[in-house]
Amino acid sequence: MVAGLTTFLLVVAFPPFHGPEAAYACLVPGIFWAYMRPRLRTYAWTMFAAQSVAWTINLSWLHPVTWAGLLILGPIVGAWTGSWYLSVWWTMPRMVGRPTPVRLVAVLGLAGAWVVVEWTRSWLFGGFPWMPLAATQWEMTSMLQVAAYTGAGGISFVVVAANIGIAAFVNRLFREGEVGLRRRSPELLLALFLILVCLSVHVQETANRGRYTVAFARVAFVQPDIPTAVKWDPAREPEIIRTLVSTTLAAGATRPDLILWPESTLPWALHGGDPSMRKFVEDVSSRAKAPMLIGADAIERAGPGREAWYNAAYVVDPQLGVQTAYYAKRRLVQFGEYIPLRPLFGWIGKFTPLGSDFSPGKDPSPLVVPMKSGAAAFGVLICYEDLFPALAREEVLSGADALVVLTNDAWYGEGAAAYQHAAHSVLLAAETRRPVLRCGNAGWSGWIDEFGNVRKVMADDQGSVYFRGTSTASVTRDQRWVGRESFYVEHGDWFVLVCACMACVGAALLGVPSAGSPEKKE
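For the sequence shown, my numbering assigns the number 64 to the initial residue and increments by one for each residue that follows.
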């Protein structure tokens with residue numbers, strides 16, 4: 064029953080399902096069971112099975128490109144995240160009978176341990192921080208605002224604390240035999256207090272927002288919906304070019320200040336590749352009468368007979384043409400853009416039809432776009448770079464007025480990938496207090512304001528985000544955050560360090576048996 068409930072709640076809590084409330088109960092079955100002192104082997108294997116199945120389902124969008132990758136990655140992420148339950152198995156029985164302050168510190172320590180585990184996913188083995196628990200709240204703006212201070216880890220912290228509080232309350236109600244006011248659970252009261260903190264930050268940050276809203280730019284999103292199977296087929300180049308021309312000119316007819324193309328839109332490299340590509344994009348920008356920010360590859364000479372390929376983004380001015388400076392993607396996709404530890408894993412190959420490995424960029428400088436209302440600096444993130452807040456922090460600290468995510472989720476069909484990916488951009492907007500503009504080849508395109516509110520999503524007449532077309536939106540800014548960095552941007556992952564300390568303190572307090580604890584009696 065624990066495995067089934069955990070799996071179900073973990074799946075429906077994440078996008079594309081609209082069940083953020085399930086996140087506040089998805090850990091409860093395993094936490095409550097731990098109070099009953101099950102055998103470690105039984106408990107560990109049960110929770111591993113539940114997490115593995117849940118994460119395999121949550122990552123099922125991988126199957127169009129690699130079934131093997133899905134069946135390997137799902138259990139790995141499940142085991143990685145599920146390792147937190149080992150601390151639950153050790154902690155929960157030791158909390159019974161302890162003084163209230165000790166129990167509250169233990170709650171904070173367990174929630175902190177979860178944040179630390181999620182943080183390790185951002186860098187260990189190259190990093191795969193897809194779907195932190197905070198992403199379940201991407202449509203709950205009231206819970207997002209604390210991220211401007213703590214990063215997304217603060218949201219996960221509160222959600223985990225709520226799960227612990229609920230489990231502790233159920234245990235106190237049905238198993239501890241307390242009566243009257245003693246049935247109150249201090250763990251649940253602490254969780255409610257943390258939720259109230261999030262709500263108070265929400266009220267403070269969003270009150271009277273309309274008074275501070277100013278126009279920023281009219282942005283046109285071009286979604287060409289070019290199938291990935293034909294993107295690099297020379298025979299399909301004329302068709303791709305026609306699609307880009309027709310959609311871009313349609314976008315230009317709306318008189319935007321900026322036109323966005325998604326990741327790797329052109330069939331050939333723009334810098335260092337076919338010279339005709341440069342002439343083509345300059346001609347399209349001139350005809351559309353608007354500057355463009357586009358995704359296209361770049362080739363640099365790395366030595367005699369050697370080339371370095373970059374997944375890049377460029378600014379195209381309708382009068383001056385392609386700007387010299389371009390952004391090169393800094394975080395590459397394992398087994399998509401490069402093979403990690405190639406001597407060991409080179410036999411696996413890549414799921415993309417790209418021969419050599421891409422090289423990572425190093426410069427976080429934003430791209431400056433000359434618009435009618437004045438020049439604006441856009442921090443660019445390509446593909447899944449929006450999963451890594453540190454990259455966005457560097458760009459905001461470098462002067463970015465807004466963030467742009469250029470992506471191509473068409474690799475994964477019309478499943479959950481586009482919505483799950485968009486959830487990370489929502490977290491990023493709340494963390495950095497910068498508008499986030501997303502442009503995808505096929506999938507979620509639109510913009511998110513500084514507080515994580517989704518303000519525009521491209522959709523067809525049937526409400527689907529998977530289509531070919533264009534849409535223009537009036538992007539605004541909150542004057543209170545113009546030229547100002549959030550606490551998280553200024554100080555980075557300080558909250559992770561605090562969480563690690565809380566986890567250590569909680570473990571230390573519970574490691575000393577008290578007079579009334581089960582360990583002392585034994």
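Glycine included, C-beta positions come from ideal geometry on N, C-alpha and C.
Since we're looking at a predicted model, the values are computed, not measured.
Secondary structure at S537: strand, using DSSP grouped into helix, strand and coil.
For the pair of segments examined, the segment 199-206 was found to touch the segment 76-89: the number of CB pairs separated by less than 8 Å reaches three. Comparing alpha-carbon positions, the option among A283, S219, E250 and A131 lying closest to C261 turns out to be S219. Within the same chain, Cβ atoms closer than 6 Å to the Cβ of T291 are found at A473 and W474, the five residues on either side in sequence being excluded.
Under the criterion of beta carbons closer than 8 Å, Q386 and G189 do not qualify as touching, at roughly 31 Å. Given a length threshold of 3 residues, each whole run of the beta strand (DSSP E) inside the segment 256-334 is given here in chain order: 276-286 and 321-323. Contact check for V285 and I322: beta-carbon distance about 6 Å, within the 8 Å limit, so the pair qualifies.
Taking 7 Å as the cut-off, the Cβ atoms of G569 and V159 do not count as close.
By the Cβ rule, the segment 271-282 counts as touching the segment 310-322, because three or more pairs are nearer than 8 Å. The bridge partners DSSP lists for K519 are W510. The Cβ neighbour count for T328, taken over all protein chains shown within 10 Å, is at least 16; the residue is labelled buried. Taking 7 Å as the cut-off, the Cβ atoms of A480 and I511 do not count as close. Counting along the chain, A571 sits inside the alpha helix (DSSP H) bounded by residues W557 to L573. M99 carries a coil assignment under DSSP once its states are collapsed to helix, strand and coil.
Counting only runs of 3+ residues, no beta strand (DSSP E) is found wholly inside the segment 193-257.
The beta carbon of P92 sits closer than 6 Å to the beta carbons of V65, L68 and T69 from its chain, once the five residues preceding and following it are set aside; these are given in chain order. In the displayed model, M434 falls within coil according to three-state DSSP, outside both helix and strand.
Note on geometry: alpha-carbon atoms of Y551 and R496 lie some 10 Å from one another.
Cβ-Cβ distances below 6 Å link A463 to P429, A440 and G442 in the same chain, with the five nearest sequence neighbours on each side left out; the list follows chain order.
Less than 7 Å separates the beta-carbon of I445 from that of N374.
By the Cβ criterion, the segment 249-269 is in contact with the segment 206-221, since at least three pairs of Cβ atoms, one from each stretch, lie closer than 8 Å. In the DSSP annotation of this structure, the continuous segment of the beta strand (DSSP E) that includes T470 starts and ends at A465 to T470. Bridge pairing for L444: V468 [DSSP]. By the CB criterion at 7 Å, W177 and W152 fall outside the cutoff.
DSSP places Q114 in the helix class (H, G or I) of the three-state scheme. Taking C-beta separations shorter than 7 Å and ignoring five residues to either side along the sequence, the partners of T317 in its chain run A283 and T535, following chain order. With a cutoff of 7 Å on beta-carbon distance, G214 and P452 are scored as near each other. Nearest to A278 by C-alpha distance, out of R540, M99 and L122, is R540.
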